[in-house]
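All residue numbers for the sequence shown refer to my numbering, where the first residue is 79 and numbers rise by one. The beta-carbon is built from N, C-alpha and C at its ideal position, and this holds for glycine as well. What you are looking at is a predicted structure, and each value in this text was computed from that prediction instead of being measured.
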Amino acid sequence: MLLNLLRRWRRWRRSRPFWGGLFAVLAGSWICVLPLAPLKIMLQQGVAGIPSVLMGIVMIVLGLTAWFSPPQRSLAGVLTTLIATAALILSNLGGFLIGTLLGILGGGLMFAWQPHAARHTGEAGEAGKAGTAESVVAAPPPPTPHHDPQGAQP
Numbered sequence: 079m080l081l082n083l084l085r086r087w088r089r090w091r092r093s094r095p096f097w098g099g100l101f102a103v104l105a106g107s108w109i110c111v112l113p114l115a116p117l118k119i120m121l122q123q124g125v126a127g128i129p130s131v132l133m134g135i136v137m138i139v140l141g142l143t144a145w146f147s148p149p150q151r152s153l154a155g156v157l158t159t160l161i162a163t164a165a166l167i168l169s170n171l172g173g174f175l176i177g178t179l180l181g182i183l184g185g186g187l188m189f190a191w192q193p194h195a196a197r198h199t200g201e202a203g204e205a206g207k208a209g210t211a212e213s214v215v216a217a218p219p220p221p222t223p224h225h226d227p228q229g230a231q232p
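Given below as structure tokens:
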């Protein structure tokens with residue numbers, strides 16, 4: 079039962095940008111919690127605490143979006159990177175640079191993540207290569223002709 083649970087966890091984790099989402103959630107929580115620290119630790123207090131909490135909450139939501147809606151990973155990655163960069167100015171140096179660096183790393187990982195393509199096996203003559211790390215990928219279909227009203231050639 080435990081082995082089955084670990085397999086399901088591994089399959090779930092690999093089917094989405096897990097590490098990018100985790101770094102975004104960590105960055106958001108770091109930026110969000112820092113304004114709640116004692117005044118001696120804070121560099122700036124007052125109205126600046128509100129954007130810090132809001133940016134932290136948005137970064138946490140974007141990290142969770144990457145986990146539970148992988149098709150939205152590109153938008154979530156770009157927005158996480160932008161908010162982490164904005165937090166550098168608006169939120170106590172972005173959580174003393176820790177939140178900003180985690181957010182930029184998480185946003186980059188979310189944006190760069192690609193789902194695994196299904197592996198195709200080759201023909202009977204290539205059966206010996208099936209055990210190697212190489213996988214045979216089918217050629218893309220030829221482009222379809224389209225009508226361009228401005229007369230551009232493909």
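With distances taken from CA atoms, which of the options is nearest residue i?
| i | options | result |
| --- | --- | --- |
| A105 | Q150, M79 and I135 | I135 |
| C110 | T163, T178 and S130 | S130 |
| T158 | W90, S107, I128 and H194 | S107 |
| I161 | G177, P148, R151 and P149 | G177 |
| M27 | A165, L114, G127 and P113 | Any answer about residue 27 is impossible in this case: the structure gives the chain only from 79 up to 232. |
| L153 | I167, L179, L168 and L187 | L187 |
| P243 | F96, S169 and T163 | Residue 243 lies beyond the range of the chain shown here (79 to 232); nothing can be said about it. |
Grouping DSSP H, G and I as helix and E and B as strand, with all else coil, what is residue i?
| i | result |
| --- | --- |
| T152 | Per the sequence shown, the amino acid found at residue 152 is Ser instead of Thr. Here S152 sits in helix by DSSP. |
| V215 | coil |
| R94 | coil |
| S130 | helix |
| W191 | coil |
| M137 | helix |
| S169 | coil |
| S147 | coil |
Looking only at its own chain, which residues have a Cβ that is under 8 Å from the Cβ of residue i, when we skip the five neighbours before and after it?
| i | result |
| --- | --- |
| R92 | H194 |
Given a cut-off of 7 Å on the beta-carbon distance, is the pair residue i and residue j in contact?
| i | j | result |
| --- | --- | --- |
| G98 | G181 | no |
| A190 | L140 | no |
Might you give, ordered along the chain, the residues of its own chain that have their beta carbon closer than 6 Å to the beta carbon of residue i, omitting 5 neighbours on each side?
| i | result |
| --- | --- |
| G203 | In this prediction, G203 has a pLDDT of 47, which is less than 50 and means its spatial position is unreliable; nothing more can be read from the coordinates. |
- Three CB pairs or more closer than 8 Å across the region 138-147 and the region 164-178: Flag = no, the region 138-147 and the region 164-178 do not touch.
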